[in-house]
Amino acid sequence: MYTLTIGDKAYSSWSMRGWLLLAGFGIKFEEEVVEMYTPAFDAMQAAHAPARQVPQIAWREGGRAHRLWDSLAIAETLAERHPAAGHWPRDWALRMQARVLAAEMHSGLSALRGACPMNLHRHMRPLAAPPEGLARDLERLGDLWDWAMREGGGPWLAGPAFSAADVFYAPVASRLVSYALTDDRTRGYAQMLMEQEAVARWCREARAAPRRIARYDELA
Numbered sequence: 001m002y003t004l005t006i007g008d009k010a011y012s013s014w015s016m017r018g019w020l021l022l023a024g025f026g027i028k029f030e031e032e033v034v035e036m037y038t039p040a041f042d043a044m045q046a047a048h049a050p051a052r053q054v055p056q057i058a059w060r061e062g063g064r065a066h067r068l069w070d071s072l073a074i075a076e077t078l079a080e081r082h083p084a085a086g087h088w089p090r091d092w093a094l095r096m097q098a099r100v101l102a103a104e105m106h107s108g109l110s111a112l113r114g115a116c117p118m119n120l121h122r123h124m125r126p127l128a129a130p131p132e133g134l135a136r137d138l139e140r141l142g143d144l145w146d147w148a149m150r151e152g153g154g155p156w157l158a159g160p161a162f163s164a165a166d167v168f169y170a171p172v173a174s175r176l177v178s179y180a181l182t183d184d185r186t187r188g189y190a191q192m193l194m195e196q197e198a199v200a201r202w203c204r205e206a207r208a209a210p211r212r213i214a215r216y217d218e219l220a
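Numbering follows UniProt numbering, in which position 161 of the sequence shown is assigned residue number 161; successive positions increment by one, without gaps.
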């Protein structure tokens, strides 16, 4: 049994990815939520060094304790350990497409991610002063999703089945909704992704949590 350590569901985008890589593919796990920006989170980081971030997955196997972190590493390791779960498409071309998309999300779109932190308590409220670079990232996102649908045939980013590529873009889709950033190229897929069973479950649980973090909720 895996133990998944995550931050606050409403705000921790990387935690969302780690959780979806388990829950979205039928892999059983226990969940440990550690509130961000608290002494408990600092203590978790110290106790689990060098894994000083969320999400983290821990388990015991072969008499040894194992700890796995970073969303790309989690995706690849779970795909190896659970080959029937379907994290990556079986078709090599679709699998390549999925990995390209996940990798670009992992390392790119920094203006969008920096200006619009994930906040599932926010809904269709634009930024008062969108920063330089945000429009460029939104254009790039539209280009990526258009390309993915043309190449893979949709309705998901890597063909007919929900995959790790979609997991990596779930927090981005939530940002588009939270900050009223959807357009004709992104609206349909973003809505479908937010309605996917595991994604919708995460969002419900996030919105039900009573805790609020002012640095996110007070962002104008």
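The beta-carbon is built from N, C-alpha and C at its ideal position, and this holds for glycine as well.
How big is the Cα-Cα spacing for residue i and residue j?
i           : j      : result
Arg201      : Gly26  : 13 Å
Ser12       : Met118 : 7 Å
residue 222 : Ala220 : Nothing can be reported for residue 222, as the shown portion of the chain is limited to 1 through 220.
Gln191      : Tyr179 : 14 Å
Gly133      : Lys28  : 40 Å
Tyr45       : Asp137 : The sequence shown places Gln at residue 45, not Tyr. Roughly 31 Å separates the two Cα atoms.
Ile74       : Ala135 : 30 Å
Ser110      : Val54  : 19 Å
Leu21       : Ala164 : 7 Å
Arg212      : Trp92  : 43 Å
Tyr216      : Ala10  : 10 Å
Leu181      : Ala65  : 43 Å
Gly63       : Met149 : 45 Å
Kindly list the residues whose CB is nearer than 7 Å to the CB of residue i, restricted to its own chain and excluding five residues on each side of it in sequence; keep chain order.
i      : result
Thr186 : Leu141, Gly142, Trp145 and Leu176
Gly152 : Leu94, Gln97, Ala158 and Gly159
Thr77  : Leu68
For residue i, write down the residues that DSSP places opposite it in a beta bridge.
i      : result
Arg64  : Glu61
Trp14  : None; Trp14 has no bridge partner.
Val33  : Ile6
Trp69  : Gln56
Trp156 : Gly159
Can you say whether residue i is buried or exposed, counting buried as having 16 or more other CB atoms within 10 angstroms of its CB?
i      : result
Asp42  : exposed
Gly18  : buried
Trp14  : buried
Met105 : buried
Trp156 : buried
Pro210 : exposed
Asp183 : exposed
Ser107 : exposed
Leaving out five residues before and five after residue i in sequence, what residues of the same chain have Cβ atoms less than 8 Å from its Cβ?
i           : result
residue 279 : No information on residue 279 is available, as it lies outside the stretch 1 to 220 that the chain covers here.
His82       : Phe25 and Ile27
Glu32       : Thr3, Leu4, Thr5 and Ile6
Ala23       : Phe29, Ala198, Arg201 and Trp202
Please go through the same chain and pick out, in chain order, the residues whose beta-carbon is closer than 6 Å to the beta-carbon of residue i, but skip the five residues on each side of it.
i      : result
Met194 : Ala173
Ala58  : Thr3 and Arg67
Met36  : Gly7 and Asp8
Cys203 : Leu120
Among the options, whose alpha-carbon lies nearest the alpha-carbon of residue i?
i      : options                   : result
His121 : Glu218, Met1 and Leu21    : Glu218
Ala49  : Trp69, Pro83 and Ala111   : Trp69
Arg60  : Trp147, Gly188 and Met1   : Met1
Phe168 : Val100, Gly114 and Ala115 : Val100
Arg113 : Ala79, Ala148 and Pro130  : Pro130
Is any heavy atom of the ligand MN found at a distance shorter than 7 Å from the C-beta of residue i?
i      : result
Asp183 : Among the components modelled here there is no ligand, and therefore nothing to report on the ligand MN.
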